[in-house]
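Enquirer: Please see the structure below; I have some questions.
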Amino acid sequence: MGLSVENLSVSLAGKKILDQVSFALPEEGIFFLLGPNGAGKSTLLRAICGLIPADSGNICWNAQPISKLSPQEIAKQIGYLPQNIQSVEMTAEEFAMLGAAPYLKWGEVPCELHRRQAEAALELLGISHLAKRQLNRMSGGERQLTALARALVQNAPLLLLDEPTASLDVKRQQDFLQTLQKVVKRGQKAALLSVHDPNLALTYGDRVLVLRNGKIKLLSASPNFGEQLCQILKPLYGDNFTLSADGYFYWKTERRL
Ligand code: ADP
Ligand code: MG
């Protein structure tokens, strides 16, 4: 059970981006996807939720092949947060309410219950003050949090979040991941998120996937998680990429002062 990806290959414009990728993740936990720019992180997340076709391979969520599900069924199982959230003329509350769409019958519109769900999601993420603000009048980080609120209203058991912390300040990154920890625990969800900061993966990750040259390596949290991850990441980032004695990744560079 959980997420199972078997021999997944994906090509874009004739170039192989994912090459026979296989891994399995349990149905509860926070899982990080690392890899340099252009490694294929977004491609993998988009392929899992069926937004781009695979050349070959199988993707199952709780033993159900995703390819056999309708878009509405997929939306009930997977909440996907794209890397770039489009700026639309909708308030945060209206946008978060869109998360109710997979549960509405044809012609049905969101009701007071969905509005309350949106309100609760905005509050959980600390952005209630943005409820009546339009997305096109928000910062990138505020838009990302609003889009996460939509995914929470969607209430899917699997969350795929593409660089959700990229536009957040350092404090908000920690707040975001602590909130995600609560969401995952409370709702027994699985969250797979791409990030660039390996310290976030080390601090909050139950498993870490590293994508490079179309192939993937999977690492589980363990007492020597940091050293193992460092060994995998050094070939990607160079020898100056280092793990400190107290377990934080940093770059050995000369300071100006
Ligand atoms: P990441 O998210 O790890 O930065 P992406 O999955 O966005 O990487 O991209 C992987 C590779 O696929 C990159 O080389 C990128 O240039 C290429 N790529 C992404 N989208 C397209 C597309 N629509 N058509 C052709 N190539 C693409
Ligand atoms: Mg990307």
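So the sequence shown is residues 1073 to 1329, counted in my numbering.
For every residue, glycine included, the Cβ atom is placed at its ideal position computed from N, Cα and C.
These numbers come from a predicted model, not from an experiment.
Please state whether DSSP places LEU1252 in a helix, a strand or coil.
Expert: The residue you call residue 1252 lines up with position 180 of the sequence shown. LEU1252: helix per DSSP, three-state reduction.
Enquirer: So, LEU1106 versus ALA1273, is the Cβ gap smaller than 8 Å?
Expert: As a position in the sequence shown, residue 1106 is number 34, starting the count at 1. As a position in the sequence shown, residue 1273 is number 201, starting the count at 1. Contact flag set, yes.
Enquirer: Is SER1128 near the ligand MG, with its Cβ less than 7 Å from a heavy atom?
Expert: The residue labelled residue 1128 in the question sits at position 56 within the sequence shown. For the ligand MG, not one heavy atom lies less than 7 Å from the Cβ of SER1128.
Enquirer: May I ask which residues mark the beginning and end of the alpha helix (DSSP H) holding ASN1271?
Expert: To locate residue 1271, count along the sequence shown from 1; it is residue 199. ASN1271 -> alpha helix (DSSP H) spans 1270-1276.
Enquirer: In the DSSP assignment, what residue or residues form a beta bridge with GLU1078?
Expert: Against the sequence shown, residue 1078 aligns to sequence position 6. GLU1078 is bridged to ASN1130.
Enquirer: Report whether the distance from the Cβ of LYS1046 to the nearest heavy atom of the ligand MG is below 7 Å.
Expert: In the structure displayed, the chain extends from 1073 to 1329; residue 1046 sits before or after that span and is not available.
Enquirer: How long is the line joining the alpha carbons of LEU1291 and ARG1279, rounded to whole angstroms?
Expert: Translated into the one-based positions of the sequence shown, residue 1291 becomes position 219. Translated into the one-based positions of the sequence shown, residue 1279 becomes position 207. If you take the alpha carbons of LEU1291 and ARG1279, they lie about 6 Å apart.
Enquirer: According to DSSP, which residues form a beta bridge with SER1266?
Expert: Position 194 of the sequence shown holds residue 1266. According to DSSP, SER1266 bridges with LEU1105, ASP1234.
Enquirer: Short check: CB of ALA1168 to CB of LEU1194, under 8 Å?
Expert: For this step, residue 1168 is matched to residue 96 along the sequence shown. For this step, residue 1194 is matched to residue 122 along the sequence shown. Yes, the Cβ-Cβ distance between ALA1168 and LEU1194 is below 8 Å.
Enquirer: Provide the residue span of the alpha helix (DSSP H) that contains ILE1288, from first to last.
Expert: Taking the first residue of the sequence shown as 1, we reach residue 1288 at position 216. Not the alpha helix (DSSP H): ILE1288 falls in the beta strand (DSSP E), residues 1287-1292.
Enquirer: Taking 8 Å as the threshold (beta carbon to beta carbon), is ALA1135 in contact with chain D?
Expert: The structure shown contains no chain D; it is built from a single protein chain.
Enquirer: The ligand MG and ASP1036: does any heavy atom of the ligand fall closer than 7 Å to the residue's C-beta?
Expert: A query on residue 1036 cannot be resolved here, the shown segment of the chain reaching from 1073 to 1329 and no further.
Enquirer: Thinking C-beta only, is TYR1309 closer than 8 Å to SER1316?
Expert: Numbered from 1 along the sequence shown, position 244 holds the residue referred to as residue 1316. Numbered from 1 along the sequence shown, position 237 holds the residue referred to as residue 1309. Going by C-beta atoms, SER1316 is not nearer than 8 Å to TYR1309.
Enquirer: Tell me whether GLY1112 counts as near the ligand ADP, meaning its Cβ is closer than 7 Å to at least one heavy atom of that ligand.
Expert: Locating residue 1112 in the sequence shown gives position 40, where the first residue counts as 1. For the ligand ADP, at least one heavy atom lies less than 7 Å from the Cβ of GLY1112.
Enquirer: Determine the burial state of THR1325: buried for a count of at least 16 other Cβ atoms within 10 Å of its Cβ, exposed for fewer.
Expert: Along the sequence shown, one-based indexing puts residue 1325 at 253. Exposed: under 16 other Cβ atoms inside 10 Å.
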